[in-house]
Each structure stands twice: as structure tokens, then as C-alpha cells.
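Chemist: In mature numbering (1 follows the signal peptide of the UniProt record, and there is no 0), the protein residues as written are -28 to -1, 1 to 154.
Even glycine gets a Cβ: it sits at the ideal position worked out from N, Cα and C.
There's a structure below that I have some questions on.
Have a look at this one:
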């Protein structure tokens, strides 16, 4: 009950701030969380930015249920192992690692399976330091778990992995132009 009240109070304050123009972001709003696809694409937009660009971290925070976790399994030239973090840790990591270089996580194919208020979203992506780079730095898969509280979608968790030669992206999650899904 206490958590539900705190959650409701937080949502009410955010909505009031948006309505009054007092929130720290001009972009967070119902269109970001009205569908599973929308919330995933809002995440990609908020995490991405050019070198020196200020990201809209308030919009980013508004996408996640309290306590949401992100984890990625890697086996690449950049590193190996499983890295897990909360949303605030991801903000700090992104600011320190990519402020000078830029970072763009761009969706390729997004597939949604939904049952009532639960959605599972599988999304292939590519990472580029600059949007116009000829080739991506890497590609991978994100698997988002979402819940809907009757009013909007929330990201509860995201697990991901980076593509390797031994484990390429599945054909069903490749863009149609490259022979994959439509």
C-alpha cells in the first residue's frame, strides 16, 4: 500500500509538473509510454546523443518503474561478462563513457508479445558513436519486460547481449533491407 501511494504520488507530481511546464523535460509525456513500442523507442531516443549533447535524463527516468534493472552479457573486444545496473548507474556510465564521443543506440527490428498488462519486447539494435558513421560499432539484442498499471507502460527490466561472430543476430530480427523481418 505504501509503495502504491508513493508510486501514485510520483506519477501525480510528474503529471502536474508537465501540465504546468515545470518539469525538467519538454519531451516526456503520454506518447512515450502509450504502447510497448513507444516506450522502447523513447528509451533509445533518450540514451542516444552526439558528443557534448545534453541528454534528457528526466525523460529517461520517467520510463522506468522504481527499482528497474538493466543487464547486458558481453563477450567482445570491449569487455566480457555480465554488467548489471539501475537507471541512475546507467546515466552515470553514459555520461562518463560517451560524453566526449557520442553514443547512439538505434533500433533495427522491434517485436512485441503482449498478454493483457504484460509485454515482452525483443529489439535488435546497433550502436554508433556518431549517427552518420559508415558502420556500427556493434549490434545486439535487448529484451524488455514491461508492465502496465492500467494507465501507462513501465520498463521493469531490460536484459541484453552483444552480437558475436559465434552468435549473430537472428534473421527474424534483421531489417528487411538485409534479408530479415519486415
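Please confirm if the segment 137 to 147 is in contact with the segment 49 to 56, defined as three or more CB-CB distances below 8 Å between the two stretches.
Modeler: Cβ pair count under 8 Å is below three, so no.
Chemist: When you compare the segment 8 to 16 with the segment 120 to 129, are there three or more beta-carbon pairs, one atom per stretch, that lie closer than 8 Å?
Modeler: Counting Cβ pairs under 8 Å, three or more are found: they touch.
Chemist: Identify whether residue 60 lies in helix, strand or coil by the three-state DSSP scheme.
Modeler: Working through the chain shown from its first residue, we reach residue 60 at position 88. Here residue 60 sits in helix by DSSP.
Chemist: By Cβ distance, which residues of its chain are closer than 8 Å to residue 137, with the 5 residues on each side in sequence left out?
Modeler: Walking along the chain shown from the start, residue 137 turns up at place 165. So the list is empty, once near-sequence residues are dropped.
Chemist: Where does residue 157 sit, in a helix, a strand or coil, going by DSSP?
Modeler: The structure shown does not extend to residue 157, since the chain is modelled only from -28 through 154, so no value can be given for it.
Chemist: Apart from the five residues just before and just after residue 93, which ones in its own chain have a Cβ nearer than 6 Å to its Cβ?
Modeler: Here residue 93 refers to the residue found at position 121 of the chain shown. The residues are 8, 12, 84 and 116.
Chemist: Taking only three categories from DSSP, how would you classify residue 35?
Modeler: In the chain shown, counting from the first residue as 1, residue 35 sits at position 63. Of the three classes helix, strand and coil, the one that applies to residue 35 here is coil, per DSSP.
Chemist: To the nearest angstrom, how far is the alpha carbon of residue 155 from that of residue 37?
Modeler: There is no way to answer for residue 155, as the model of the chain reaches only from -28 to 154.
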